Amino acid sequence: MKKLLITALLGLSTAVSYAEGKTLMIFYSFSGNIEKIAETVKAETGADLVKVEPLQEGLNYAANNYSLGSDLIDRIRRNPNDSKSYPPIEPIKIDFSSYDFVIIGTPLWWSQMAAPMQTFLYNNANELEGKKLGLIVSSASSGISGVERDAHRLIPKGDLLPRSLWIRSSQTSSAPRLVSNWLKEVGYTEKK
Ligand SMILES: Cc1cc2nc3c(=O)[nH]c(=O)nc-3n(C[C@H](O)[C@H](O)[C@H](O)COP(=O)(O)O)c2cc1C
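As numbered in mature numbering (1 follows the signal peptide of the UniProt record, and there is no 0), residues -19 to -1, 1 to 173 make up the sequence shown, in order.
The following block contains the structure:
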């Protein structure tokens, strides 16, 4: 049986040992920054990586001043409780019971979570219920509070770490240091 050991750290936050569990990083990446960060997470934690892929291939979300990405985000904003607001993605089968810690990696689009990742979380909220979750966001410069709000809205019963990791696009090459520091701060203990 999987064991989750929670111990007090500095009396302020909690250190979590995933000694018998496994880590999953589920991510979406349009232009490759989050994908590079996911590789870093894999190197640090041995996490399994799963990439979300839009069902419709070859779309350029950044064309015409990001207009397609903007349209997708607007649809979700207008009707967040309607499954039809979320762009379809390739089906993904994951045995969530194998994982104690799930890291969500996403770009920021118009201050929100990128639409394909929103689709994945909308479709899998029940599976992620009660799971320890971490959030890693890449943006050019915008702050990530809107993305954190999306994560809470989409997985209301997820156990999201209070501290997410924000990596600006220009910092992508520093991901190994930033990811390693974040994992230490949130009390991640390497799998023994
Ligand atoms: C449709 C779209 C909208 C974006 N909106 C923003 C934004 O509002 N603020 C920002 O700082 N970056 C924005 N970006 C930039 C991405 O967040 C940034 O380039 C990120 O590193 C992309 O990650 P990726 O390479 O994994 O796709 C946007 C990018 C796209 C494609």
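The beta carbon of each residue, even a glycine, is placed where N, CA and C say it ideally should be. In this text the structure is predicted, and so the values were computed from the model without any measurement.
Judged by DSSP secondary structure, S119 falls within the beta strand (DSSP E) whose first and last residues are 113 to 120. In this structure, L135 lies near Y103, with their beta-carbon atoms less than 8 Å apart. A direct Cα-to-Cα measurement between K74 and A132 gives close to 20 Å.
Put simply, the backbone Cα of Q37 is about 8 Å away from that of I70.
Straight across, the Cα-Cα distance linking P97 with S64 is about 12 Å. By the C-beta density criterion, K113 is buried, having at least 16 other C-beta atoms within 10 angstroms.
Here F11 is not near P68, since their CB atoms are 8 Å or more apart. Comparing C-alpha distances from N46 to each of T4, W91, A19 shows the shortest one belongs to W91.
By the 16-neighbour rule on beta-carbons within 10 angstroms, G124 is exposed. Listed in chain order, the non-local C-beta contacts of R149 below 8 Å within the same chain comprise S119, S120, A121, S122, local neighbours out to five positions each way being set aside. When secondary structure is reduced to three states using DSSP, L30 falls in the strand class. Here V167 is not near R130, since their CB atoms are 8 Å or more apart. Inclusion of G111 and D140 in the CB contact set at 8 Å is warranted, their separation being smaller than that value. DSSP, reduced to helix, strand and coil, places I136 outside both helices and strands of the structure shown, so it counts as coil. Placement of the Cβ of Y80 at a distance of 7 Å or more from every heavy atom of ligand 1 is found. Annotation: I57 to W163 spans about 30 Å, alpha carbon to alpha carbon.
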